[in-house]
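First the structure, in the form of structure tokens, and then the observations on it.
Protein chains in written order, with our numbering: chain C, 2 to 136; chain L, 370 to 728; chain B, 99 to 245.
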């Protein structure tokens, strides 16, 4: 299911990660919400080729994670219709990495933390994927 | 229908020690809509964490927030220890509890003082901060600095305590407890204080969970969640029960923090009395590789560190999710409908730490 | 020295602004105002309005957004005025000097009279610094007035 992970399995890794496609993200988040999970935050990792976005959830001090991998220019759906509080984390991803988020309830236009003096998202890495890689 | 006014609250305001702006839409005296404007303290620590060598990051993350710096250092060290498969010695774990809890004590006292200041009870503010100075002295005597104590390092702690220091800290704590016992009834039973806090900014358990509230805000709404229950560092050995209140208003949050002061004193005392003998540092080897998440309980709530290494001395990613970031959305639900005069008290009740929030 | 200058030296009012600090220095400034250190015994009062203030205490490495507010506050303060940079970050940027959103030091934005190093600056040092600023302000009074 989903995209390949960039981290080798023999290394220390986060437990309880489910890799999901971005089309099924909202569905899976809604499932977690109905089970009473508390939304913690999102983490965006720029691998150079694509963005890996983790969604962290907590239930009775047990963590559960969803992982979505997207192309750098592809938008991901906002989970704010399900978890209102996610707007802070999603705006932050937008600010720092330039992740495109569709349907944000409170949109700071990429200027929540980063001020106008900085032209581009400061944590975005140059795209390392060459044309014709086929993926 | 009243007159609509849009009022900027901040960024420089006498009530706020830190710059944050709340754009408040007022209808007469009542608050309609609130939108926080952030970014005045954003420095870019997550990016800087990728540029530094990983051992140097300890000093960087301690400066994410000066009030809970020991907790930030602890969380980062625990995350890197996970990647390097290093187990800190037992004595180091106990000492980590001592310093983190002393930091929590000074943070909670600071907050109780600011709360008194927020509704104009200045003598109470002064009294609480006078007691807090004892804790600051204890920190300075044991760690060498007052605010940023920098005791954690990857694999353990950097300082050991002598018998004299332990005895002196225990004496200070006893005195601190005595004085707190005398002054806290003023906060919790005073007519004026109750008038200003009871029933203000109510958050139910459902709301709190849905909005992702953490720490004392969550516990004041009746949800028993405290990451110290997971038993990291030496909390497992020392035993821990979270403090919970059910009312969910500003008063309940004050009560949770006031009771946690005593719990913290008790934890430090037990950690110092049962301090095991042995080393304080396991030397780490190699470079971090892989991904790890660590959560610890900072004074303001759950603090999350996500660390990704790639086998070099620089990290691939360091993500910090601080407790205030999770508590800010609760303001957007607590403030609308409240009276304007309650804005400082309600805003303060989540114990906002803006330098944490924006990093 | 005119009477009003003399009065000002006796009771300088301070304004505090955090321009991106980690809070460490800010809570130490607060500590200075509390009974243990008690800046008020020198007549020093913390105010919230820049138009009432004589001394500006700035903490932090100055972020882009903070710089705008800082400049604004400085311009609103009536002359003669003094600026005190509290803490290593305010002096030089400190650990944040490499960060993308920091300008690195208060003197990149407004003129600074007294630098107080330390992470966090100790209350004793802050008291000393504020008193030095007041002294400097009294020396500079004629110059800053443009006489």
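C-beta: ideal position from N, C-alpha, C; glycine also.
Next item on the list: Any chance you could list the alpha helix (DSSP H) runs of at least 4 consecutive residues sitting entirely within the region 642 to 720 of chain L, in chain order?
Entry: 692 to 703 and 712 to 718
Checklist line | Closer than 9 Å to chain L by CB, residue 61 of chain C | finding: yes
Next item on the list: Kindly list, in the order they appear in chain D, the residues whose Cβ is closer than 9 Å to that of residue 502 of chain L.
Entry: Absent from the structure: chain D. Protein chains present are C, L and B.
Next item on the list: Output yes or no for whether 9 Å exceeds the beta carbon distance between residue 113 of chain B and residue 154 of chain B.
Entry: yes
Checklist line | Beta-bridge pairing of residue 53 of chain C - partner residues as DSSP gives them | finding: C:46 and C:70
Notebook entry, point to check: Interface residues of chain B around residue 468 of chain L at Cβ under 9 Å?
Noted result: Simply none; closest approach about 15 Å.
Notebook entry, point to check: Using the beta-carbon of each residue, which ones in chain L are nearer than 7 Å to residue 33 of chain C?
Noted result: Going along chain L, no residue has its Cβ under 7 Å from residue 33 of chain C, so there is no contact; the nearest lies around 12 Å.
Check: Under a Cβ-count criterion, where at least 16 other Cβ atoms within 10 Å of its own Cβ denotes burial, should residue 149 of chain B be classed as buried or exposed?
Finding: exposed
Next item on the list: Compare the C-beta of residue 699 of chain L against all C-beta atoms of chain C and say whether one is closer than 9 Å.
Entry: At a cut-off of 9 Å between beta carbons, residue 699 of chain L contacts chain C.
Checklist line | For residue 540 of chain L and residue 555 of chain L, the rounded distance between their alpha carbons | finding: 24 Å
Notebook entry, point to check: Leaving out the 5 sequence neighbours to the left and right, which residues in its chain are closer than 7 Å to residue 553 of chain L when beta-carbon positions are compared?
Noted result: 627
Checklist line | Pairwise C-alpha distance: residue 199 of chain B and residue 115 of chain C | finding: 7 Å
Notebook entry, point to check: Do three or more CB pairs link the region 471 to 481 of chain L to the region 624 to 644 of chain L at distances below 8 Å?
Noted result: yes
Next item on the list: Determine, using beta carbons only, whether residue 115 of chain B comes closer than 9 Å to chain L.
Entry: yes
Next item on the list: Measure the C-alpha to C-alpha separation of residue 88 of chain C and residue 76 of chain C and round it to an integer number of angstroms.
Entry: 15 Å
Next item on the list: Quick one: residues in its chain with C-beta nearer than 6 Å to the C-beta of residue 410 of chain L, no 5 flanking neighbours on either side, listed in chain order?
Entry: 723, 724 and 727
Checklist line | Given 8 Å, three or more beta-carbon pairs between the region 635 to 642 of chain L and the region 659 to 675 of chain L | finding: no
Check: Taking just the CA atoms, how far does residue 190 of chain B sit from residue 109 of chain C?
Finding: 31 Å
Check: Is the shortest distance between the beta-carbon of residue 79 of chain C and the beta-carbons of chain L less than 9 Å?
Finding: no
Next item on the list: Determine, using beta-carbon pairs with one atom in the region 220 to 237 of chain B and one in the region 119 to 128 of chain B, whether at least three such pairs fall under 8 Å.
Entry: yes
Margin query: Can you pull out the residues from the region 654 to 686 of chain L whose beta carbon lies closer than 8 Å to at least one beta carbon of chain C?
Written below: 658, 659, 660, 661, 662, 664, 671, 673, 675, 677, 685 and 686
Margin query: So with CB distances below 7 Å, who are the chain L contacts of residue 124 of chain C?
Written below: 415 and 416
Check: Excluding sequence positions up to five away, which residues of its chain have a Cβ less than 7 Å from the Cβ of residue 174 of chain B?
Finding: 148 and 149
Margin query: Which residue wins for smallest C-alpha separation from residue 462 of chain L, given the options L:699, L:721, L:637 and L:691?
Written below: It is L:637 whose Cα lies nearest to the Cα of residue 462 of chain L.
Notebook entry, point to check: How would you list, in chain order, the residues of chain B whose beta-carbon sits under 8 Å from the beta-carbon of residue 116 of chain C?
Noted result: 161, 162, 163 and 199
Next item on the list: Just tell me which of L:452, L:429 and L:451 has its CA closest to the CA of residue 442 of chain L.
Entry: Per the C-alpha coordinates, the member of L:452, L:429 and L:451 positioned closest to residue 442 of chain L is L:429.
Next item on the list: Measure from the C-beta of residue 548 of chain L to each C-beta in chain B and report whether the shortest distance is under 9 Å.
Entry: no
Checklist line | Reference residue 615 of chain L; option with closest CA among L:576, L:599, L:581 and L:597 | finding: Comparing Cα positions, the closest option is L:576.
Notebook entry, point to check: In angstroms, rounded to a whole number, what distance separates the CA positions of residue 702 of chain L and residue 666 of chain L?
Noted result: 24 Å
Note to self: Please confirm whether residue 445 of chain L has its beta-carbon closer than 9 Å to some beta-carbon of chain B.
What the structure shows: Between residue 445 of chain L and chain B, the shortest Cβ-Cβ separation is not below 9 Å.
Item checked: Run of the beta strand (DSSP E) containing residue 114 of chain B, from where it starts to where it stops -> 111 to 116
Next item on the list: State the beta-bridge partners of residue 194 of chain B as determined by DSSP.
Entry: DSSP, once it has assigned bridges, lists no residue as partnering residue 194 of chain B.
Note to self: Would residue 721 of chain L and residue 696 of chain L qualify as a contact pair, given that the criterion is a beta-carbon distance under 9 Å?
What the structure shows: Yes, Cβ-Cβ distance for residue 721 of chain L and residue 696 of chain L is below 9 Å.
Notebook entry, point to check: Does the beta carbon of residue 4 of chain C come closer than 9 Å to any beta carbon on chain B?
Noted result: With a pLDDT of only 44 at residue 4 of chain C, under 50, the local geometry of the prediction cannot be trusted, and the value read off the model is given with reservation. Answer no: the Cβ-Cβ gap between residue 4 of chain C and chain B never drops below 9 Å.
Item checked: Element boundaries [alpha helix (DSSP H), containing residue 561 of chain L] -> 560 to 566
Next item on the list: Decide if residue 601 of chain L is buried, meaning its Cβ has at least 16 other Cβ atoms within 10 Å, or exposed.
Entry: buried
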